[in-house]
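J.: Per my numbering, the sequence shown starts with residue 16, numbered consecutively. Yeah, the Cβ is synthetic: ideal placement off N, Cα and C, and Gly gets one too. Structure below; questions to follow.
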Amino acid sequence: MSFSRAGFASFAFTDAAPYDAVSRRAALDRLDMLATVFDTAFILPGTNVRFGVESLVRLVPGVGDAIASMLSFYLLYEARRLGVPRLLFARMLGNVLLEGTVGMVPVAGDAFDVFFRANRRNVALLRRHFARVGY
């Protein structure tokens with residue numbers, strides 16, 4: 016079996032995005048909703064501390080951190096489909112990797128996940144980027 020460059024062309028970073036302005040805005044709204052569910056959907060009773068589905072999943076020893084990181088990687092996949100520049104994508108990837116790596120530390124990693132909120136940060140980065148370059 017051989018591999019050619021043409022086989023990897025679909026993974027190349029390009030400036031062209033498969034979305035028009037209306038579709039891109041809808042995609043950003045959908046990603047914003049997902050990031051809310053992943054990071055800030057619930058409030059700890061009696062406090063202002065918000066947490067999401069990812070925080071709950073990360074409580075499962077071993078596989079929880081991997082599953083939660085996979086959820087975050089879906090947002091990265093969608094960002095890539097929106098045609099974000101390499102540097103922005105690398106910054107978003109760094110947020111997810113940092114959260115996933117620190118999240119593996121018992122207890123402290125779970126607290127870090129609640130307060131770092133990589134998905135909310137990444138959606139904010141996306142919104143700032145598209146506000147700057149235009150939807």
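Measure from the alpha carbon of R45 to the alpha carbon of each residue in R101, L141 and A81, then state which is nearest.
T.: Sequence index remark: in the sequence shown, residue 45 carries index 30 (1-based). When only C-alpha atoms are compared, the closest one is L141.
J.: Hey, would you say N134 sits closer than 8 Å to D54, going by beta carbons?
T.: The sequence position of residue 134 within the sequence shown is 119, counting from 1. The sequence position of residue 54 within the sequence shown is 39, counting from 1. Going by C-beta atoms, N134 is nearer than 8 Å to D54.
J.: Does R135 come out as helix, strand or coil in the three-state DSSP assignment?
T.: By 1-based counting over the sequence shown, the position of residue 135 is 120. The answer is helix: DSSP assigns R135 an H, G or I state.
J.: Tell me which residues share the same chain as I82 and place their Cβ nearer than 8 Å to its Cβ, disregarding the 5 neighbours each side in the sequence.
T.: If you number the sequence shown from 1, residue 82 lands on position 67. So the list reads V72 and V75, once near-sequence residues are dropped.
J.: Under 8 Å between the Cβ atoms of F127 and V117?
T.: Residue 127 sits at position 112 when you count from the first residue of the sequence shown. Residue 117 sits at position 102 when you count from the first residue of the sequence shown. In this structure, V117 lies closer than 8 Å to F127 by Cβ.
J.: Does the Cβ of R96 have 16 or more other Cβ atoms within 10 Å, making it buried, or fewer, making it exposed?
T.: Mapped onto the sequence shown, residue 96 falls at position 81. Flag for R96 reads exposed.
J.: At which residues does the alpha helix (DSSP H) containing G61 begin and terminate?
T.: Position 46 of the sequence shown holds residue 61. Note, G61: premise wrong, no alpha helix (DSSP H); not H, not E.
J.: In chain order, what residues of the same chain have a beta carbon less than 6 Å from the beta carbon of I58, not counting five sequence neighbours either side?
T.: As a first step, residue 58 is located in the sequence shown; it is residue number 43 there, counting from the start. Around I58: R65.
J.: By how many angstroms is the C-alpha of M107 removed from the C-alpha of V99?
T.: By one-based count along the sequence shown, residue 99 stands at place 84. By one-based count along the sequence shown, residue 107 stands at place 92. Rounded to whole angstroms, V99 to M107 spans 10 Å at the Cα level.
J.: Can you give me the C-alpha to C-alpha distance between M119 and E93, rounded to a whole angstrom?
T.: Stepping through the sequence shown from its first residue, residue 119 is reached at position 104. Stepping through the sequence shown from its first residue, residue 93 is reached at position 78. Roughly 25 Å separates the two Cα atoms.
J.: Taking just the CA atoms, how far does N63 sit from S25?
T.: Here the question's residue 25 lines up with position 10 in the sequence shown. Here the question's residue 63 lines up with position 48 in the sequence shown. Low per-residue confidence applies at S25: pLDDT is 49, beneath 50, and the placement is therefore not dependable, though the value from the model is reported in the following sentence. If you take the alpha carbons of S25 and N63, they lie about 44 Å apart.
J.: Given L103, which residues of its chain have a CB within under 7 Å of its CB, disregarding the five upstream and five downstream residues?
T.: Within the sequence shown, numbered from 1, the residue matching residue 103 stands at position 88. Taken in chain order, the residues that qualify are L140 and H144.
J.: Determine the burial state of R132: buried for a count of at least 16 other Cβ atoms within 10 Å of its Cβ, exposed for fewer.
T.: Taking the sequence shown and counting its residues from 1, the one referred to as residue 132 is at position 117. Buried: at least 16 other Cβ atoms inside 10 Å.
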